[in-house]
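Protein chains: 2
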Amino acid sequence: AIQLEGLEKIYHEDQPNIAVRAVNGIDLTINHGEAVAIVGPSGCGKSTLMQLLGCLDRPTRGSYRLEGQNVSRLDDDELAHVRNRRIGFVFQSFNLLARYSALENVALPLMYSSVDNPAQRARAVLERVGLVNRAGHLPSELSGGQKQRVAIARSLVNQPAILLADEPTGALDSRTGEEIIQLLLELNAAGTTLIVVTHDLALARKLKRVVRLRDGKVEADGPPEQV
Amino acid sequence: AIQLEGLEKIYHEDQPNIAVRAVNGIDLTINHGEAVAIVGPSGCGKSTLMQLLGCLDRPTRGSYRLEGQNVSRLDDDELAHVRNRRIGFVFQSFNLLARYSALENVALPLMYSSVDNPAQRARAVLERVGLVNRAGHLPSELSGGQKQRVAIARSLVNQPAILLADEPTGALDSRTGEEIIQLLLELNAAGTTLIVVTHDLALARKLKRVVRLRDGKVEADGPPEQV
Ligand SMILES: Nc1ncnc2c1ncn2[C@@H]1O[C@H](COP(=O)(O)OP(=O)(O)OP(=O)(O)O)[C@@H](O)[C@H]1O
Ligand SMILES: Nc1ncnc2c1ncn2[C@@H]1O[C@H](COP(=O)(O)OP(=O)(O)OP(=O)(O)O)[C@@H](O)[C@H]1O
Ligand SMILES: [Mg+2]
Ligand SMILES: [Mg+2]
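Protein sequences appear in the order of chains A and B. If you're matching positions, the first sequence starts at 1 in my numbering and goes up one per residue. If you're matching positions, the second sequence starts at 1001 in my numbering and goes up one per residue.
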């Protein structure tokens, strides 16, 4: 489903003394329905890689083929279509809209597709993450872990083929985190391709494959016991 | 150093069907130099309690004595003085200023006190958290774990008597997280009172005392093995 070749993302490439090679040459293939954990030290390029995978940013160099299509050849409309209909994205810092309630934030991706009863679909995913009793709250009226769960619910409401989750349990206590891990594993069992950045080794071990990054490169790639 | 009696924080108290009893009657005493972990499920009131402890918000009811003074009797100037000089605060969502670099964000609390060489002091704490090579970056040019470490550095630059840290390792991989835990333990060994909200049970176990919250109340309070 996903094929990366020689992928690079370099910030400030034109200013050598402050250039940062955030992603520095990555080759990676991820097939339909896989469950992959991406791990590595703070600052090693995980979120940058996720933004490239999620078509939220363009690489400096290299190629990204998504379901057979070279993503860099898509125009802005086609890219937006892929982003909204095929991919679900959970941001490391949630990125909720401050003036909209939890329910409205979750329902937002449904505006791109014509579904009947968006409020009901949004409410159903909010229930999945244990937050139907916070539906009317603004992000400023939610705890850290509640915001994180709203972000997770929002990523699922369009039933994406590929779910990209950047540290989805980072703000959760272990019990709530367990419930979210179960939810992610169920989605994967039902066919969703799952790519999860995490520093929660308990979560990483439950996925079949772990890719470890260091300094923008793949350092190891295999089953959890080996990586 | 800290004495809470019957402390409450109720959001929308005047609207019974949406009122939230975030802190619902807490009695707690924390002495000088203690190291306390605050744990509990997502949404149980930990961050709200921290905001009250950090004098960033006023309780609905109950009293908070800080080093013998009833905090609710202080006027805004005295409150600001306590907040800036006696207390260091690490926010769950970092709260960095977007238009200032890492170095400027860290140096910010020094503006309230007249220190010579604030840039040097800021650079020294940035070095402590492994980020001196990111001093010139804006928050948008930092990874999640880097932003978290800048927030930690900022909380320390005034050498506070009390450090309140709301999930300080939430965005960090285990190795970087270890380094931060070591830093916090060293500060406590040197006399800083340490109050840490965490769902990282490894960190909680390293502190002498764990206070477990549920639904805005203290459910258990004692050494880690018991709680
Ligand atoms: N401004 C507000 N209005 C209404 N309810 C609020 C407001 N702020 C917080 N809450 C609610 O108060 C409760 C406690 O929030 P708090 O942020 O203290 O939780 P927490 O223990 O820090 O959770 P987490 O572990 O997820 O960070 C939550 O259920 C939240 O929805
Ligand atoms: N706009 C930018 N300009 C310059 N450098 C940047 C920019 N954005 C990110 N970086 C740098 O790129 C590197 C990779 O960042 P990234 O966010 O991908 O790390 P990460 O692996 O997700 O880290 P964490 O685990 O802390 O979230 C970091 O060292 C960061 O400082
Ligand atoms: Mg990241
Ligand atoms: Mg919190």
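For each residue, glycine too, the CB sits at the ideal point set by N, CA and C.
The C-beta distance from Arg85(A) to Ser113(A) rounds to 7 Å, short enough to meet the 8 Å contact threshold. Within the DSSP secondary-structure output, Ile195(A) pairs in a beta bridge with Val36(A), Leu164(A). A contact between stretches requires three or more CB pairs, one per stretch, nearer than 8 Å, and the stretch 69 to 76 of chain A fails this requirement with the stretch 125 to 144 of chain A. Within the same chain, Cβ atoms closer than 6 Å to the Cβ of Asn1158(B) are found at Pro1109, the five residues on either side in sequence being excluded. By the criterion of a C-beta distance shorter than 8 Å, Val20(A) is surrounded in its chain by Ile10, Tyr11, His12, once the five residues flanking it on both sides are discounted.
Neighbours of Leu1172(B) in chain A, taken as residues at a C-beta separation under 8 Å, are given in chain order as Ser42, His199.
Rounded to whole angstroms, the Cβ separation of Ala151(A) and Leu97(A) is 11 Å, and the two are not in contact under 8 Å.
Lys46(A) counts as buried, since at least 16 other C-beta atoms from the protein chains shown sit within 10 angstroms of its C-beta.
Under DSSP, no beta-bridge partner is assigned to Phe94(A). In the displayed model, Lys9(A) falls within a strand according to three-state DSSP.
A residue is called buried once 16 or more other Cβ atoms fall within 10 Å of its Cβ, and Pro1016(B), having fewer, is exposed. Residues are counted here when their Cβ sits less than 9 Å from a Cβ of chain A; for the stretch 1136 to 1167 of chain B these are Gly1136, His1137, Glu1141, Leu1142, Ser1143, Gly1144, Gly1145, Gln1146, Lys1147, Gln1148, Arg1149, Asp1166, Glu1167, given in chain order. Within chain A, the residues placing a beta-carbon under 9 Å from that of Tyr1011(B) are Glu141, ordered along the chain. The C-beta of Ser140(A) has fewer than 16 other C-beta atoms within 10 Å across all chains shown, which makes the residue exposed.
A distance of 7 Å or more separates the beta carbons of Leu4(A) and Leu164(A).
Residue pairing by DSSP places Thr29(A) opposite Gln3(A) in a beta bridge. Not a single heavy atom of ligand 2 lies less than 6 Å from the C-beta of Ala1153(B). By the neighbour-count criterion, in which 16 or more other beta carbons inside 10 Å mark a residue as buried, Asp200(A) falls on the buried side. Here Arg121(A) has Ala107, Leu110, Val115, Val157 as same chain residues with Cβ atoms under 8 Å from its own Cβ, once five neighbours each way along the sequence are excluded. By the neighbour-count criterion, in which a residue is buried when 16 or more other Cβ atoms sit within 10 angstroms of its Cβ, Ala1102(B) is buried. Between Ala37(A) and Val210(A) a beta carbon distance of about 5 Å is seen, short of the 8 Å cut, so the two are scored as contacting. Look at Ser63(A): its C-beta is not under 7 Å from any C-beta on chain B. If you compare the alpha carbons of Gly1177(B), Gly1170(B), Glu1178(B), Ile1180(B) with that of Gly177(A), the shortest gap goes to Gly1170(B).
In this structure, ligand 3 has a non-hydrogen atom nearer than 6 Å to the beta-carbon of Gly1144(B).
Leu207(A) sits in coil when the DSSP states are folded into three classes, being neither helix nor strand.
Under the DSSP definition of a beta bridge, Tyr1064(B) partners with Leu1004(B). Comparing C-alpha distances from Thr1193(B) to each of Ile1030(B), Ala1022(B), Val1023(B) shows the shortest one belongs to Ile1030(B). Within chain A, Pro41 have C-beta atoms less than 7 Å from the C-beta of Arg1175(B), given in sequence order. Here the distance from the Cβ of Ser1140(B) to the nearest heavy atom of ligand 3 is not below 6 Å.
Leaving aside the five residues that flank Pro160(A) on each side, the residues in its chain whose CB is nearer than 8 Å to its CB run, in chain order, Arg85, Arg86, Ile87, Gly88, Thr192. Close CB contacts of Ile1018(B) within its chain, under the 7 Å cut and outside five residues either way in sequence, are with His1012 (chain order).
Taking each of Ala1220(B), Arg1214(B), Glu1225(B), Ala1001(B) in turn and checking the Cα distance to Leu1207(B), the smallest one comes out for Glu1225(B).
In the structure shown, the three-state DSSP call for Arg58(A) is coil. If you check each beta-carbon in the stretch 77 to 96 of chain A against every beta-carbon of chain B, the ones closer than 9 Å belong to Gln92, Ser93, Phe94.
Within the DSSP bridge table, the entry for Ile87(A) names Ile162(A) as partners. Per DSSP, reduced to three states, the secondary structure at Asp1221(B) is strand.
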